[in-house]
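Numbering (full-length UniProt numbering), first residue to last: 1 to 350.
Notes follow the structure.
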Ligand SMILES: [Cu+2]
């Protein structure tokens with residue numbers, strides 16, 4: 001077995017292991033899995049057929065200067081991914097992508113997953129932490145709760161996702177999101193930034209179809225915006241979400257995007273039309289500072305902080321410059337006006 005195959009085998013078997021502390025009960029996992037694979041395909045997975053759980057707010061409570069409690073749910077929620085196309089998404093908190101999480105570099109995270117999916121186990125894999133995957137990213141069974149602790153010592157824009165086997169099905173069905181670990185000393189350009197948004201790219205395939213997830217091409221490739229604070233724009237990854245409801249900026253603003261490509265399978269070539277990136281921090285680490293870029297490459301699970309200036313009024317499309325994905329939905333718009341308010345003008349589409 002090659003190194004990569006071995007690593008994959010370790011991941012696959014590790015998610016099957018019972019947490020050493022008995023935090024998660026996996027006793028009926030095999031039966032649940034057999035049922036799940038029997039039901040995979042384009043018809044709704046039997047046990048989820050009548051399940052549509054309304055979105056649940058994420059709970060983030062700082063309990064110390066360097067310690068934060070985060071509680072999320074895994075749940076089944078209908079999302080209209082394109083006009084008239086409902087998807088019974090597997091989600092964190094009823095959103096796909098899930099809500100953005102923000103912590104500080106050096107925080108200890110105490111993470112609780114409440115799995116309210118009545119049928120199958122889920123788990124949480126934070127790319128932002130040092131952890132023992134087999135213990136700390138262990139499955140939480142239906143109607144159970146698991147709590148796990150780990151440090152977030154590295155700053156950046158990281159992916160999180162469900163790590164339950166088959167991982168591809170859990171990510172492609174909607175279980176992905178972004179966690180930002182704010183650098184202790186900030187970014188060198190913090191004081192220049194006028195406004196900021198979190199943008200996530202993801203793909204959709206045929207409903208819960210592992211064969212299509214594996215060998216097919218995406219049906220939709222989409223962008224969403226996730227709220228950093230109450231009142232910010234917050235959307236699911238649906239076709240046209242950020243064209244119908246463009247992001248806003250004011251002439252002269254320096255705009256920061258925290259961008260994340262959750263895949264599961266495709267690369268993103270992230271580009272904003274009409275400007276270039278003055279400053280880029282690859283994966284969101286201040287050490288990876290680059291300047292004057294036109295397009296940034298985000299691998300599946302890659303993130304970045306990009307900052308750019310908008311000098312004139314108008315509608316600035318943002319895309320993945322892999323234009324076959326733009327025809328599948330991967331476009332959004334930043335509307336730049338004199339005062340930063342929406343003037344009702346038409347948004348340029350690609
Ligand atoms: Cu899952």
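Using N, Cα and C, we set each Cβ at its ideal position, and we do this for glycine too.
Notebook entry, point to check: Under three-state DSSP, which class holds residue 151?
Noted result: If you number the chain shown from 1, residue 151 lands on position 151. Reduced to three states, the DSSP call for residue 151 is strand.
Next item on the list: Return the chain-ordered ranges of every beta strand (DSSP E) run that is complete within the UniProt domain "Plastocyanin-like" (232-338) and spans a minimum of 3 residues.
Entry: Fully enclosed beta strand (DSSP E) runs of 3 or longer: 247-250, 254-263, 268-272, 277-282, 289-293, 295-298, 302-309, 314-320, 331-337.
Item checked: Cβ-Cβ distance between residue 228 and residue 306 below 8 Å -> Residue 228 sits at position 228 when you count from the first residue of the chain shown. Residue 306 sits at position 306 when you count from the first residue of the chain shown. At a Cβ-Cβ threshold of 8 Å, residue 228 and residue 306 do not count as neighbours.
Item checked: 6 Å CB neighbourhood of residue 37 in its chain, flanking five on each side removed -> Within the chain shown, the letter at position 37 stands for residue 37. Residue placement at residue 37 is poorly supported in this model, since its pLDDT is 49, which falls under 50; the coordinates still yield a value, given next. Around residue 37: no qualifying Cβ.
Notebook entry, point to check: By the 10 Å Cβ neighbour count, where 16 or more other Cβ atoms means buried, how is residue 121 classified, buried or exposed?
Noted result: On the chain shown, residue 121 is found 121 positions in, with the first residue counted as 1. Here residue 121 is buried: its Cβ has 16 or more other Cβ atoms, across all protein chains shown, within 10 Å.
Margin query: Contact defined as beta carbons within less than 8 Å: I believe residue 364 pairs with residue 341. What is the distance between those atoms, to the nearest angstrom?
Written below: Residue 364 is absent from the model: the chain starts at 1 and stops at 350.
Check: Taking DSSP as the reference, what is the three-state secondary structure of residue 209?
Finding: Locating residue 209 in the chain shown gives position 209, where the first residue counts as 1. Residue 209 falls in the coil class under three-state DSSP.
Note to self: Less than 7 Å separating the Cβ of residue 204 from some heavy atom of ligand 1?
What the structure shows: Against the chain shown, residue 204 aligns to sequence position 204. Short note on residue 204: C-beta not closer than 7 Å to any heavy atom of ligand 1.
Margin query: To the nearest angstrom, how far is the alpha carbon of residue 348 from that of residue 148?
Written below: The residue labelled residue 348 in the question sits at position 348 within the chain shown. The residue labelled residue 148 in the question sits at position 148 within the chain shown. For residue 348 and residue 148, the distance between alpha carbons rounds to 45 Å.
Next item on the list: Using a threshold of 8 Å, state whether the C-beta atoms of residue 158 and residue 263 are closer than that.
Entry: Taking the first residue of the chain shown as 1, we reach residue 158 at position 158. Taking the first residue of the chain shown as 1, we reach residue 263 at position 263. Contact flag unset, no.
Notebook entry, point to check: Under three-state DSSP, which class holds residue 48?
Noted result: For the purposes of this step, residue 48 is taken as residue 48 along the chain shown, with counting starting at 1. Three-state result, residue 48: helix.
Check: Under the three-state reduction of DSSP, which class applies to residue 350: helix, strand or coil?
Finding: By one-based count along the chain shown, residue 350 stands at place 350. Of the three classes helix, strand and coil, the one that applies to residue 350 here is coil, per DSSP.
Notebook entry, point to check: Are the beta-carbon atoms of residue 193 and residue 251 separated by less than 8 Å?
Noted result: Along the chain shown, read from residue 1 onward, the residue named residue 193 stands at position 193. Along the chain shown, read from residue 1 onward, the residue named residue 251 stands at position 251. Cβ atoms of residue 193 and residue 251: not closer than 8 Å.
Note to self: Any heavy atom of ligand 1 closer than 7 Å to the beta-carbon of residue 175?
What the structure shows: Residue mapping note: residue 175 aligns to position 175 of the chain shown, counting from 1. Relative to ligand 1, residue 175 has its C-beta within less than 7 Å of a heavy atom.
Check: Looking at C-alpha atoms only, which residue of 61, 183, 106 is the closest neighbour of residue 286?
Finding: Within the chain shown, numbered from 1, the residue matching residue 286 stands at position 286. It is 183 whose Cα lies nearest to the Cα of residue 286.
Checklist line | From 272, 139, 256, residue whose alpha carbon lies closest to that of residue 284 | finding: Taking the chain shown and counting its residues from 1, one reaches residue 284 at position 284. The option with the nearest alpha carbon to residue 284 is 256.
Next item on the list: Note the first and the last residue of the continuous beta strand (DSSP E) segment covering residue 224.
Entry: One-based indexing of the chain shown puts residue 224 at position 224. Element bounds for residue 224: 220-226.
Check: Helix, strand or coil: which one does DSSP assign to residue 70?
Finding: For the purposes of this step, residue 70 is taken as the residue at position 70 of the chain shown. In this structure, DSSP gives residue 70 an extended state, which the three-state scheme calls strand.
Check: Cβ of residue 85 within 8 Å of Cβ of residue 52?
Finding: On the chain shown, position 85 is the one that residue 85 refers to. On the chain shown, position 52 is the one that residue 52 refers to. No; because the gap between Cβ atoms is not below 8 Å, this pair is not in contact.
Check: Cβ of residue 224 within 8 Å of Cβ of residue 237?
Finding: On the chain shown, position 224 is the one that residue 224 refers to. On the chain shown, position 237 is the one that residue 237 refers to. Yes, the pair counts as a contact, with Cβ atoms nearer than the cut-off.
Notebook entry, point to check: Does the beta-carbon of residue 54 have 16 or more other beta-carbons within 10 angstroms, so that it is buried, or is it exposed?
Noted result: Counting from one through the chain shown, the residue named residue 54 turns up at place 54. By the 10 Å Cβ count, residue 54 comes out exposed.
Next item on the list: Would you mind reading off the limits of the alpha helix (DSSP H) that contains residue 135?
Entry: The count along the chain shown starts at 1 and reaches residue 135 at position 135. If you look at residue 135, you'll find it in the alpha helix (DSSP H) that goes 133-136.
Next item on the list: Look up residue 125 in the DSSP assignment and give the residues it is bridged to.
Entry: As a first step, residue 125 is located in the chain shown; it is residue number 125 there, counting from the start. In the DSSP assignment, residue 125 is bridged to 161.
Note to self: Does residue 91 pass the burial test, meaning 16 or more other C-beta atoms within 10 Å, or should it be called exposed?
What the structure shows: Taking the first residue of the chain shown as 1, we reach residue 91 at position 91. Per the 10 Å Cβ criterion, buried.
Check: What distance in whole Å lies between the Cβ atoms of residue 220 and residue 203, which are believed to be in contact at a cut-off of 8 Å?
Finding: In the chain shown, counting from the first residue as 1, residue 203 sits at position 203. In the chain shown, counting from the first residue as 1, residue 220 sits at position 220. Between residue 220 and residue 203 the Cβ distance is about 7 Å, and since that is below 8 Å, they are a contact.
Note to self: Does the stretch 128-142 come into contact with the stretch 57-64, if we say contact requires no fewer than three beta-carbon pairs (one atom in each stretch) closer than 8 Å?
What the structure shows: Between the stretch 128-142 and the stretch 57-64, the count of Cβ pairs shorter than 8 Å is below three; the stretches do not touch.
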